[in-house]
Structures are given as structure tokens and as C-alpha cells.
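Structure first, commentary second.
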Amino acid sequence: MYEDLVEQTEGQSELFCNPDPDLARENFKNKSRALENKVTTVEKAVSDLVEDGDYIATGGFGHVRIPTAILYEVIRQKKRNLGLAGHTSIYDSDILASSGCLNRCDISYVVGYEIRGLSACARRAFQSDKIKKTDWSNSSLSWRFWAASAGLSFVPSRSLLGTDTFKHSAAKTVTCPFTGKKFTALPALYPDVGIVHVSRADIYGNCQIDGILISDEFLARASRKVIISTERLVSNEEIRLEPHLTVIPYWCVDAVVEVPFGSHPGNMPEEYWFDEDFFQMFLGKGKTEEGTNEFFEEYVYGVKDFDQYLEKIGGIRKMNDLRAIEKLIFKKNGS
Amino acid sequence: MSAEYNPLELMVCVGSRVLEDNSTVEVGTGVPMAATLLAQKLYAPNIIAIFEAGGVAPLMPGLPISVGDSRTSHKALLASSMNDVMETCQRGMVDYTFLGGAQIDMYGNLNSTMIGDDYQNPKVRFPGSGGANDLGSLCWKTIVITPMDKSRFVEQVDYLTTPGFLNGKGAREKAGLPLGTGPYKVITNLAILGYDEETCRMQVESLHPGVTIEQVEENCGFELLKAAKIEDTPPPRDEELRVLREEVDPTGYIIGR
């Protein structure tokens, strides 16, 4: 039993992104070093920077600090055959998969909504072989971003070993030249487009994030192109006042879009809590294909932009209620 | 003694008693979050709860919904990154991890990925590893908390997502996993299970109130060993239930009330 897993040396699934650091350097060589204004619209950022077939990586934690506005626009513009790094991906991977944008996914976590249970529409999408899947764990994807951010082609780790998770990954084992110990070799992950929602950014793309970072400092450095959506734009002076708070520097960034409440229905640390009513509505509709289509018609294709969407989900009043929960302000029912 | 409780409440209360004060515990999503929060309030006020997305030692104002939400870094010592937390585990600084799981076998191997035999076309897709594979690989002791029945406690898992003892003594080391790590306890609705040192196989260590060894065996799909002395699990105390219902999970998200 499990003999083959203990002995295995090579994962069997497809490696979707080339880990060659010299290929990546060619791209980074050509990125602008100029402090130039990168502020644009959601629509233009997506049409300029996301192409059919691209491999994308979304920041945050699946339903926490996610770039919802950008992802809705990717769906609205009907981008196809995208790849995704499903690094604890929840609502982000779900909407991309169940709207038909994806054809491949590096998975550590999909389909689940943590304590809310599972999503039927994500399950339909990921159970089908229309999406090619390669398996990983959360640390594996974090470290794959790290290896790319450091300009390397792989990083050794002690996860995955002995399991089916390794078997269905694209990792290999490697022997340490110093200790002779066996490690998992994780290939660096250089996404085509990184998409991250942040708390504050200036017009050049210098970003600050309140709360935990997940892997976004590395994801942004690893990506060939980066789209930032930000709760608010701040002045460059404000960034320079506390440079130790800059977690993503401008030179990683290609576009900056100001989107207040841009992580809805996700939690945004220090700003607003999850919209649980919305998640229940979405998970309910997702039970059938008709319901799923209705959802996209109503909340994505049927609205012009994220402002109109926010009006639809209850506008500023709703967002203030979610802010009160985040800030532990307990209002009386009905007020 | 006469307090009534449901199986989930029983598991959370029993789970809250196994963690030591001043230890570091990496907390998985769901029932483990409730058990850790209860432990913090009753038995182990200085327990250091660590969450895989970067939250370290929060003073949680309530139950998190996600292991990455803002409650996991509320008044925390550190709002860090997934890389940092996983590296802390890999460095040997994390004593326990507390996980759930869809299937478990006699060596404590866990499946949270799929049912079926074709990875690309599973019969039923579950979320996958998330951080579970990492935590079960890198933390010193793995505690699993899950209800017990034959569909969960199986001879062989459909997909080995997270390593237990793999196929027995020495297998983890042979695979390359860190020395001295592995499964420690399984908290169920019927019993506390542990592992026999020699064979690394699961054994019954303590029976919950009113539960017989036969009942435990009937709800398990593989042969369980028995510890030299099988204890009786003390029932949930009134204080445990009160704090659990009023302070830890007042909305009943986890305990289903």
C-alpha cells in the first residue's frame, strides 16, 4: 500500500509555466523603470494587459482581499483559455471557472468556501476535464512565487513528499548536495499577469497592504505584468513618508485602478467584512447551470461596471454595514 | 453531568483539552478553529494560534470564517505572510497542527482532494490540500478532528492528500519528510484515537460517554488497535458548553445550533 508514493521522484501532471529564469529576465529587462502615471480604468487595464491564453495569478486569499472588479471585467470581456494559480482560491477561481474563462489550473484549494461548504458550480467546472489540473499545496505555490521573485528556476521544500499531491503535481525530488537529504524541487512560477487588490497605492504603483500579505509581495514580483486595484489612491508623498510599508514597488506594476470596495463580496482587512448574504445567494444560484448563468447575466454581463454592480448589491449603505462588522461596531438591528 | 450536547459540541470540547498552554498550533479551517478558541478561553490562555495565510497569535474577537480573514490577525503579534508561516513550520517551530479531512486511514493519511480514481475526472471533487499537506508534513504533531463512520475511516484513502505515517514506521523519513513528525491524535464523536508507537497504526485510547468499543469498531472501515488501558472521556462540562455556545460560536456556524 502506498509503496509507489513513498518512492516517487517525479510528479506526473503538466507544468503550465516555463520556469527558465533567463526567459523571465528578458521580460523584466524590458519593463519600464520610469516613475510614470499608470492610473487607468478597469476596462482598459484588462483589455490592454490580459490576453486569451494568458496564465494569471490573483492576489489575496480566495475570498479575502481579492481583485473582484478586475476579475468581473475579465469575465465580461470573455477572455478564454486562461490559466490560473489556484492558491487558496475560492470566489476568484470559482467565477473564472464557472464562466468558462479557464482551461488549466494549478490547484492547491478550489471549490470550497471554508466553513460555508462547497460550491456546486465550481465543482461542475473543476470535475470536468475541460480544465486541465496540476496539484500543489499552498506552501508549494507560495514558494513557487518566491523562487520566481528571486529570479531562480526552482526552490527545495519539504512538503508534498510521499503523497498523491506530489504524484499529480509537476514537482520532482532533488538531493541536497550538502546533506544528501531528499527534498521536493518546486519549479519557479512566473505568471503572465498578476492581479492584486491592495489597500493603498500611488499613481506609479507603489502599494501598501493592511493586514496579512498572503504571498502577494512575491506573486507581484514574479509576474511578467501586474494589474493593481486599490481601495484608494494616495499621494507619492504619503508613500515616501513610510517606505517600510511599501510591499509592492512601482517597477513591478503596469496598471493601477482605483476601485473602492473592490474586494466585495470578499473581506478587506481594516475596511469591510464578507458579504455573507451575497455568498449565500451565489452558492444558491450555483446549484444549477441556469442559476449560474442567471448570476453572471445579472451581476457581470448585465452591469456596465463595478460602480453599477455596487449599487446592485446594496450600495454605500450595504458597504457601511459590512464596514461596521469589520470594525466590530455593533449596531442595533434595523438601524 | 446531565448537560445535553450534540456530536459537534462534544468534538470541539474534547479537542479543546488536548492542546498545551504556551505551545504553537497551526489551525485549520472549521471545527479546529472553534476548538482552539475554546482552548484559549478555558485551558490554554497562552496558546499561540497560527493561521496559514499569515495571522499569528491574534486575540480573536469571534470565530473566523476563513483561516485568512481579518479576525486571524486582529490584535495579533504578527500579520505576516503564508511564506513566513510555512517557513516557520518547516523550521520546526510549530508544535501542533489541527486539521479536518474527508477520509482517513489507519496510518492517519488524509484525503481532502477527491473521490474516484482519475485526477482529471474525479467522481467528487473536494477542495484539495490548501495548507493541509504542508502542515501535516512540517508541524511536529498532527491532530485530526472529524466525525467517525465507515465512509470516512477507510482501509485506503482514494487520494493521499496529506501524509500521515504513509505505509508504516519509517516511511515518512524514507519519503524525505522532516524527522520526528507525524500524526498524534484523532478526535472523533465517539472516541479519542492515537497511534501505536511500533506499528504507527491507529488505536483507541479513550471512549466518549456512553460509547462502547464495539460501536467504535462498527463505525471504522479498518481494524483498530487498542491502547493498553482505554480511558473514559469526561463529558463536556457545563462551563465548556456555555463558553462554546455563548462566546466561541454564538451564531452556531460550526456547532450547528
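Same order as they appear, the protein sequences are chains A and B. Quick note on my numbering: the first sequence kicks off at 1 and runs consecutively. Quick note on my numbering: the second sequence kicks off at 1001 and runs consecutively. The beta-carbon is built from N, C-alpha and C at its ideal position, and this holds for glycine as well. Since the structure is predicted, the reported quantities are computational estimates derived from the model, not experimental observations.
Indicate whether the contact test is met: 3 or more Cβ pairs, each with one atom in the segment 1046 to 1059 of chain B and one in the segment 244 to 254 of chain A, closer than 8 Å. no
Could you tell me which whole alpha helix (DSSP H) segments of length 4 or greater appear in the segment 25 to 89 of chain A? Qualifying alpha helix (DSSP H) stretches, in chain order: 42 to 49 and 68 to 76.
In chain B, which residues lie with their C-beta within 9 Å of the C-beta of A:K181? Taking the first sequence and counting its residues from 1, one reaches residue 181 of chain A at position 181. Correct list: G1176.
In the DSSP assignment, what are the bridge partners of A:T208? Counted from its first residue, the first sequence places residue 208 of chain A at position 208. Note that residue 208 of chain A corresponds to Gln in the displayed sequence, not to Thr. DSSP output for A:Q208 lists A:R200 and A:T246 as bridge partner(s).
CB-CB under 6 Å to B:T1162, same chain, minus the five flanking residues each way: which ones, in chain order? As a first step, residue 1162 of chain B is located in the second sequence; it is residue number 162 there, counting from the start. The answer, listed in chain order, is L1110, A1132, N1133 and G1136.
Do A:I115 and B:I1050 come within 8 Å of each other at the CB atom, strictly closer than that value? As a first step, residue 1050 of chain B must be located in the second sequence, where it is residue number 50. As a first step, residue 115 of chain A must be located in the first sequence, where it is residue number 115. No. Outside cutoff.
Okay, do the segment 129 to 138 of chain A and the segment 92 to 110 of chain A touch, 3+ Cβ pairs below 8 Å being the bar? yes
To the nearest angstrom, how far is it from the Cα of B:Q1203 to the Cα of B:L1224? If you number the second sequence from 1, residue 1203 of chain B lands on position 203. If you number the second sequence from 1, residue 1224 of chain B lands on position 224. One C-alpha to the other measures close to 5 Å.
Mapping DSSP to helix, strand and coil, what is A:P21? Mapped onto the first sequence, residue 21 of chain A falls at position 21. If DSSP states are grouped into helix, strand and coil, A:P21 belongs with the helices.
Residue range of the beta strand (DSSP E) that A:C105 falls in? For the purposes of this step, residue 105 of chain A is taken as the residue at position 105 of the first sequence. It spans L102 to I107 - the beta strand (DSSP E) in which A:C105 sits, taken as one unbroken run.
Under the rule that 16 or more other beta-carbon atoms within 10 Å means buried, what is A:D192, buried or exposed? Here residue 192 of chain A corresponds to residue number 192 of the first sequence, with the count starting at 1. With 16 or more Cβ atoms within 10 Å of its Cβ, A:D192 is classed as buried.
Where A:E297 and B:A1003 are concerned, what is the direct C-alpha to C-alpha distance, given to the nearest angstrom? Translated into the one-based positions of the first sequence, residue 297 of chain A becomes position 297. Translated into the one-based positions of the second sequence, residue 1003 of chain B becomes position 3. Rounded to whole angstroms, A:E297 to B:A1003 spans 51 Å at the Cα level.
Check whether chain B comes within 8 Å of A:A170, counting only Cβ atoms and requiring the distance to be less than that. Mapped onto the first sequence, residue 170 of chain A falls at position 170. At a cut-off of 8 Å between C-beta atoms, A:A170 does not count as an interface residue with respect to chain B.
Note down, in chain order, every chain B residue with its Cβ under 8 Å from the Cβ of A:M1. On the first sequence, position 1 is the one that residue 1 of chain A refers to. What A:M1 touches in chain B: Q1156 and N1167.
Cβ of B:T1181 within 8 Å of Cβ of B:W1140? The residue given as residue 1181 of chain B occupies position 181 in the second sequence. The residue given as residue 1140 of chain B occupies position 140 in the second sequence. Yes, these two residues count as a Cβ contact at 8 Å.
Quick one: is A:E217 buried, meaning 16 or more other Cβ sit within 10 Å of its Cβ, or exposed? Counted from its first residue, the first sequence places residue 217 of chain A at position 217. Buried.
Give the C-beta separation of B:A1053 and B:A1076 to the nearest angstrom, bearing in mind that I take them to be a contact with Cβ-Cβ under 8 Å. Residue 1053 of chain B sits at position 53 when you count from the first residue of the second sequence. Residue 1076 of chain B sits at position 76 when you count from the first residue of the second sequence. In fact, because the Cβ distance is near 12 Å, the residues do not count as touching under 8 Å.
At least one CB of chain B closer than 8 Å to the CB of A:N103: is that the case? For the purposes of this step, residue 103 of chain A is taken as residue 103 along the first sequence, with counting starting at 1. Answer no: the Cβ-Cβ gap between A:N103 and chain B never drops below 8 Å.
Proximal residues of chain B, C-beta to C-beta of A:I107 below 8 Å: Translated into positions along the first sequence, residue 107 of chain A becomes position 107. Counting only Cβ-Cβ distances below 8 Å, A:I107 has contacts in chain B at G1128, in chain order.
Starting from the beta carbon of B:P1122, find every residue of chain A whose beta carbon is closer than 9 Å, and list them in chain order. Position 122 of the second sequence, counted from the first residue, corresponds to residue 1122 of chain B. The answer, in chain order, is F126 and Q127.
Please list the residues of the segment 61 to 85 of chain A that have a C-beta atom closer than 7 Å to any C-beta atom in chain B, keeping them in chain order. F61, H63 and V64
Proximity to A:L310 [Cα-Cα], best of A:E326, A:E294, A:S263 and A:W146: What you label residue 310 of chain A is simply residue 310 of the first sequence in a count that begins at 1. Among A:E326, A:E294, A:S263 and A:W146, the Cα nearest to that of A:L310 belongs to A:S263.
If you run the structure through DSSP and keep just helix, strand and coil, what is A:G334? Counted from its first residue, the first sequence places residue 334 of chain A at position 334. Unreliable positioning characterises A:G334 in this predicted model, as indicated by a pLDDT of 48, which lies under 50. The coordinate reading is nonetheless provided below. Three-state DSSP puts A:G334 in coil, outside helix and strand.
In or out: A:N267 buried (at least 16 other Cβ within 10 Å) or exposed? Here residue 267 of chain A refers to the residue found at position 267 of the first sequence. Result: buried.
State the DSSP-derived secondary structure class of B:T1036, mapped to helix, strand or coil. Numbered from 1 along the second sequence, position 36 holds the residue referred to as residue 1036 of chain B. In this structure, B:T1036 counts as helix in the three-state DSSP scheme.
Closest residue to B:V1031 among B:L1177, B:I1187, B:C1200 and B:E1155 (Cα-Cα distance): Position 31 of the second sequence holds residue 1031 of chain B. Closest option to B:V1031, Cα to Cα, is B:I1187.
Interface residues of chain A around B:S1080 at Cβ under 8 Å? For this step, residue 1080 of chain B is matched to residue 80 along the second sequence. Neighbours of B:S1080 on chain A, chain order: I212 and L213.
Who pairs with B:N1111 in a beta bridge, going by DSSP? Your numbering for residue 1111 of chain B matches position 111 in the second sequence. B:Q1103, per the DSSP bridge assignment.
List the whole-angstrom C-beta distance separating B:Q1215 from A:R158, where the pair is believed to meet the contact cut-off of C-beta under 8 Å. Here residue 1215 of chain B refers to the residue found at position 215 when the second sequence is read from its first residue. Here residue 158 of chain A refers to the residue found at position 158 when the first sequence is read from its first residue. The pair is not a contact, with the Cβ atoms about 39 Å apart (cut-off 8 Å).
Use the C-beta contact count for B:Q1103: other C-beta atoms within 10 angstroms, 16 or more gives buried, fewer gives exposed. Counting from one through the second sequence, the residue named residue 1103 of chain B turns up at place 103. It is buried - the Cβ of B:Q1103 has at least 16 other Cβ atoms within 10 Å.
With H, G and I counted as helix, E and B as strand and the rest as coil, what does DSSP make of B:A1044? For the purposes of this step, residue 1044 of chain B is identified with residue 44 of the second sequence, where counting begins at 1. Three-state result, B:A1044: coil.
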